[in-house]
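Contents: one structure, followed by commentary.
Residue numbers (UniProt numbering): 1 to 308.
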């Protein structure tokens, strides 16, 4: 996809003064033509449809995945990469969801092995080090409004006792109380896209995050699941046809409709007038701006993809 011109809303008004690691160049730009050797990389934003993507790619499309499952189940060996079969899906025996796991996967030459057909990670900068000039990663993601994500995370943590951030105190908390805790997210997307996991984040970090989204990502939005999925299969050249493979098609669209790993709580959206909404909005002020920008990019990318 070659950009001849851009709308004013998405043009790169910032000078390219941001510092990126050399390995970042091994992540393909959105506007470049896909090469057969490019490997899909899903940037996993918590509580934004990531578990559904894992289920679809693993159980429906039968992709061999690199995430945390192949390592977590302690199947296979530690000194070489291999495929392990767990609960109806294939995984490489690595963990690409933690910095330490990514380092190990790199030392085992995960990408060079050709075993992983898709990589999942939240640590974009670390994960870029897995790829090479011969084998680029090609990024995509699904995003969700930051306040909706925060509410979903709270409901999840109320019962997810297997999570390291779980505390039994959450079970009896109100959303207002949770919004005031130190556990609540603070501009998560801006931090991870600007490689500033801790410390203060500013408008400068937001601009860097915008640049990464604009230059590197196919963007999906949880509120437009079907359209986002249509773009994903088009972008990656995935053959999914209702007529020729109805079982696979039904599997995919069933999970798109129902989701995977959804919160058990039936709590709906917060009203914008509520105290909790105001606190969460303030705590994620940069991410809200980034999400609004992502919606502009989503619309723009739609026109690009239609013209191909």
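Cβ coordinates follow ideal geometry from the N, Cα and C atoms, glycine included.
- residue 236 in three-state terms, based on DSSP: Translated into positions along the chain shown, residue 236 becomes position 236. Coil, per DSSP.
- Task: Give the secondary structure of residue 197 by DSSP, where H, G and I count as helix, E and B as strand, and everything else as coil.
- Result: As a working note, residue 197 is residue 197 in the chain shown. Three-state result, residue 197: coil.
- Message: If you reduce the DSSP assignment to three classes, tell me which class residue 101 lands in.
- Response: The residue you call residue 101 lines up with position 101 of the chain shown. The three-state reading of DSSP puts residue 101 in helix, counting H, G and I together.
- Task: Output the residue ranges of the alpha helix (DSSP H) runs that lie fully inside the segment 63-139 and measure 4 residues or longer, sorted by chain position.
- Result: As summarised for the segment 63-139, the continuous alpha helix (DSSP H) elements at least 4 residues long and confined to that stretch are 69-72, 99-107, 110-113, 124-128, given in chain order.
- Message: What does DSSP give as the partner residue(s) for residue 175 in the beta ladder?
- Response: On the chain shown, position 175 is the one that residue 175 refers to. The secondary-structure analysis by DSSP pairs residue 175 with nothing; it has no beta-bridge partner.
- Message: Rounding to the nearest angstrom, what Cα-Cα distance links residue 270 and residue 173 in this structure?
- Response: Mapped onto the chain shown, residue 270 falls at position 270. Mapped onto the chain shown, residue 173 falls at position 173. For residue 270 and residue 173, the gap between their C-alpha atoms comes out near 16 Å.
- Item | Proximity to residue 314 [Cα-Cα], best of 295, 235, 151, 233 | With the chain running from 1 to 308 in the structure shown, residue 314 is simply not present.
- Is there contact between the segment 179-187 and the segment 115-124, where contact requires at least three CB pairs shorter than 8 Å? No, because fewer than three Cβ pairs between the segment 179-187 and the segment 115-124 fall closer than 8 Å, the two stretches do not touch.
- Item | Same chain, Cβ closer than 7 Å to residue 287, neighbours up to 5 away in sequence not counted | The residue you call residue 287 lines up with position 287 of the chain shown. Same-chain partners within the cutoff: 146, 187, 188, 189, 190.
- Item | Pair within 8 Å by beta-carbon distance, residue 219 and residue 143 | Your numbering for residue 219 matches position 219 in the chain shown. Your numbering for residue 143 matches position 143 in the chain shown. Taking 8 Å as the Cβ cut-off, residue 219 and residue 143 qualify as a contacting pair.
- Item | Identity of the residue in 160, 96, 31, 149 nearest residue 42 by Cα | For this step, residue 42 is matched to residue 42 along the chain shown. Closest by alpha carbon: 96.
- Alpha carbon to alpha carbon, how far is residue 252 from residue 134? Give it in angstroms, no decimals. Here residue 134 is taken as the residue at index 134 of the chain shown, counted from 1. Here residue 252 is taken as the residue at index 252 of the chain shown, counted from 1. Cα-Cα distance, rounded: 31 Å.
- Message: Contact defined as beta carbons within less than 8 Å: I believe residue 228 pairs with residue 221. What is the distance between those atoms, to the nearest angstrom?
- Response: Along the chain shown, read from residue 1 onward, the residue named residue 228 stands at position 228. Along the chain shown, read from residue 1 onward, the residue named residue 221 stands at position 221. Contact holds; Cβ gap of about 6 Å.
- Close Cβ partners of residue 309 (< 6 Å) along its chain, the five nearest in sequence each way excluded: The displayed coordinates of the chain run from 1 to 308. Any statement about residue 309 would go beyond what the structure contains.
- Task: Mark residue 203 as exposed unless 16 or more other C-beta atoms lie within 10 angstroms of its C-beta, in which case mark it buried.
- Result: Translated into positions along the chain shown, residue 203 becomes position 203. By the 10 Å Cβ count, residue 203 comes out exposed.
- Message: So for residue 303, helix, strand or coil by DSSP?
- Response: Against the chain shown, residue 303 aligns to sequence position 303. In the structure shown, residue 303 sits in a helix (DSSP, three-state: H, G or I).
- Item | Same chain, Cβ closer than 8 Å to residue 50, neighbours up to 5 away in sequence not counted | Within the chain shown, the letter at position 50 stands for residue 50. When the five nearest sequence neighbours on each side are left out, the beta carbons in the same chain lying within less than 8 Å of the beta carbon of residue 50 are those of 42, 44, 120, 142, in order along the chain.
- From residue 277 to residue 170, what distance separates their C-alpha atoms? Position 277 of the chain shown holds residue 277. Position 170 of the chain shown holds residue 170. So the alpha carbons of these two residues sit roughly 18 Å apart.
- Item | Per-residue DSSP class, three states only, for residue 217 | By 1-based counting over the chain shown, the position of residue 217 is 217. DSSP places residue 217 in strand when its eight states are reduced to three.
- Message: Let's test the definition: count the other Cβ atoms within 10 Å of the Cβ of residue 195 and tell me whether it reaches 16, buried, or not, exposed.
- Response: Sequence index remark: in the chain shown, residue 195 carries index 195 (1-based). It counts as buried.
- Query: Considering only C-alpha positions, which residue in the set 98, 238, 177 is nearest to residue 61?
  - Reply: Taking the first residue of the chain shown as 1, we reach residue 61 at position 61. Per the C-alpha coordinates, the member of 98, 238, 177 positioned closest to residue 61 is 238.
- N- and C-terminal bounds of the beta strand (DSSP E) containing residue 41: Translated into positions along the chain shown, residue 41 becomes position 41. Counting along the chain, the beta strand (DSSP E) containing residue 41 begins and ends at 39-43.
- residue 157 in three-state terms, based on DSSP: Here the question's residue 157 lines up with position 157 in the chain shown. Of the three classes helix, strand and coil, the one that applies to residue 157 here is helix, per DSSP.
- Item | Candidates 111, 101, 139: closest to residue 27 by CA position | Locating residue 27 in the chain shown gives position 27, where the first residue counts as 1. From the listed residues 111, 101, 139, the smallest Cα separation to residue 27 is found for 139.
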